[in-house]
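As given, the protein sequences belong to chains E and Y, one line each in that order. In case it helps, UniProt numbering puts the first sequence at residues 1 to 261. In case it helps, UniProt numbering puts the second sequence at residues 1 to 261. Note that the Cβ used here is the ideal one computed from N, Cα and C, for glycine as well.
Number of protein chains: 2
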Amino acid sequence: MNLQTEHPSTLRKLISEGTLTGHTSGMAKGYIQANVVILPSAYAYDFLKFCFRNPKTCPLLDVSEKGSTHFPFYGKNANITSEVAQYRVYRYGELVESPVNIKHLFNDDMVSFLIGCSFTFEHALLEAGLPIRHIEEEHNVPMYVTNIPAAPSGQFSGNITVSMRPMTMQQAIKATEITTHFKNVHGTPIHIGDPSEIGIENITQPDFGEPVTIKENEVPVFWGCGVTPQSVALDAKPELMVTHAPGHMFITDVPDSQLSD
Amino acid sequence: MNLQTEHPSTLRKLISEGTLTGHTSGMAKGYIQANVVILPSAYAYDFLKFCFRNPKTCPLLDVSEKGSTHFPFYGKNANITSEVAQYRVYRYGELVESPVNIKHLFNDDMVSFLIGCSFTFEHALLEAGLPIRHIEEEHNVPMYVTNIPAAPSGQFSGNITVSMRPMTMQQAIKATEITTHFKNVHGTPIHIGDPSEIGIENITQPDFGEPVTIKENEVPVFWGCGVTPQSVALDAKPELMVTHAPGHMFITDVPDSQLSD
């Protein structure tokens, strides 16, 4: 079985059965993978409004009906309570559990959100011959909390988080051109160059993920990061919040090409 | 005083004072005008979700905080209770009043939505030398209810409404190319050609607005229409809903160029 070429529904079934347990990077090539945020309905309106107001960091792909385990567009036959390989459960902002399904937690009052992930545009950058250093170095992308405030919505507020990929300035311009067409997965960079301009003091010490090599002729290129909605939601300390575990994304039924415009 | 070149804030002040009472077509050239929907907060989440799910007919520009009379981005110093020249007030889906302000109705529980309007892309079409027949014939654009269902959200559901502009097929292709860049104001056409394919039986009898001349070498070109969210919201029969009166739009502080991408 080649996990790269399997259909999303097959992979989600294997995940649901516990046969597939690792991260989903590189799986179901050509299909959109998404960040997951699940909240009690009392938070749904403000969180939806937060996504609308912060499209570069929180590009909303889909939202479930209250209590529904599937999605209108991105996973009609999916079950969000079991088809993510690993979940994180937070109560009042504290991680309390990392289960392989959330059937014991899910109830009729919960709303699930799918948020775009940079996996989608990384394919397009690689195909254009641009370097993705963290893939070359085989580890997670470096992520940094900036001093740029997100547009607040109700109890959701905080600074945005960015991911970073080093490139030459020529490559950064090409990458900006390409990501213009991926508005639903973070779009163009938030910043190019001097990290201190966006409040990053030490580029060698990311807040999440792992550092990457920045070559002498390269500049850091920063994109909005899907960690932002999670971190902002956690700051609001909801009584219950469920997310995917990092790298263990929800594999949707929708091809990457649908997100390019 | 030239209403075409006045700043939006000046015009809104004149509207608020009752000095300016007519429709706003052609005013504050170069600034975005918007459809207005105001609802009790109990409906806000489902309506926001409806806009997210129907971007071509309900392109959401901004949403107020609950009880706030201004908008975070499109009218920071505006007052939505008095700066629209004429309002429509509906109770349980019935028109009950067409006041010049809504100060007597507005309360801390209401949420205001601004939705993109085709005035914005019409400027761009005209500048490209494309015909806008209803402007040539100096009346309102013809609008039709289709048989295409909107993606439902909670109690909001129904078929989408389209506006129609006749053009040659060559012009229709050019118009599609141009409106690709106006995703926040309806974007590309919903349909080009045979009206019966989208459930329109008689093109000479629009459901709203007035009919226009279609020349022999022309095809009708249909765009998603901002009447859709109003009609869908009315079908849901909320106890209270306020909108702008047709043509009496909310003039925002944001230039048209911000909506092109």
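Under 9 Å by beta carbon: chain Y residues contacting residue i
i              : result
L60 of chain E : F52
Local Cβ density within 10 Å of residue i, reported as buried at 16 or more and exposed below that
i               : result
L259 of chain E : buried
R91 of chain Y  : exposed
P189 of chain E : buried
L60 of chain E  : buried
D62 of chain Y  : buried
E97 of chain E  : exposed
H104 of chain Y : exposed
N35 of chain Y  : buried
D46 of chain Y  : buried
K56 of chain E  : buried
G116 of chain E : buried
Q171 of chain E : buried
G206 of chain E : Per the sequence shown, residue 206 of chain E should be read as Pro rather than Gly. Buried, since its Cβ has 16 or more Cβ neighbours within 10 Å.
D108 of chain E : exposed
I80 of chain Y  : buried
A42 of chain Y  : exposed
G226 of chain E : buried
K215 of chain Y : exposed
I132 of chain Y : buried
L126 of chain E : exposed
G75 of chain E  : buried
P149 of chain E : exposed
G224 of chain Y : buried
N77 of chain E  : exposed
M169 of chain E : exposed
G26 of chain E  : exposed
L130 of chain E : buried
M256 of chain Y : In the sequence as displayed, the identity of residue 256 of chain Y is Asp instead of Met. Its Cβ being crowded by 16 or more others within 10 Å, D256 of chain Y is buried.
H134 of chain E : buried
DSSP state of residue i mapped onto helix, strand, coil
i               : result
P99 of chain E  : coil
I214 of chain E : coil
E138 of chain E : coil
H7 of chain Y   : coil
I173 of chain E : helix
P229 of chain Y : helix
V185 of chain E : helix
S196 of chain E : helix
T179 of chain E : helix
E127 of chain Y : helix
L105 of chain Y : coil
Those residues which DSSP pairs with residue i across a bridge
i                      : result
G224 of chain Y        : Y:V162
V89 of chain Y         : Y:E97, Y:V242
Y74 of chain E         : Y74 of chain E is not bridged to any residue.
L114 of chain E        : E:V36, E:D62
F121 of chain E        : For F121 of chain E, which the question treats as bridged, DSSP gives no partner whatsoever.
S257 of chain E        : Per DSSP, none; premise fails for S257 of chain E.
I251 of chain Y        : Y:Q33
H191 of chain Y        : Y:F222
M143 of chain Y        : Y:S163, Y:F208
residue 276 of chain E : Not covered by the structure: residue 276 of chain E. The range shown for chain E is 1 to 261.
Where residue i meets chain E, residues with beta-carbon distance less than 7 Å
i              : result
Y43 of chain Y : In chain order: nothing, as chain E lies at least about 10 Å away.
Contacts of residue i in chain Y (Cβ-Cβ under 7 Å)
i               : result
A151 of chain E : P72
Listed by chain order, chain Y residues near residue i by CB distance under 8 Å
i              : result
K49 of chain E : L48, V63
Residue-chain proximity (residue i, chain A), Cβ-Cβ < 8 Å
i               : result
I132 of chain Y : Here the protein chains are E and Y, and chain A is not one of them.
Q: Write down every uninterrupted run of the alpha helix (DSSP H) in the segment 9 to 72 of chain E whose length is 4 residues or greater and which is fully enclosed by it, in chain order.
A: Complete alpha helix (DSSP H) runs here, min 4: 44 to 53.
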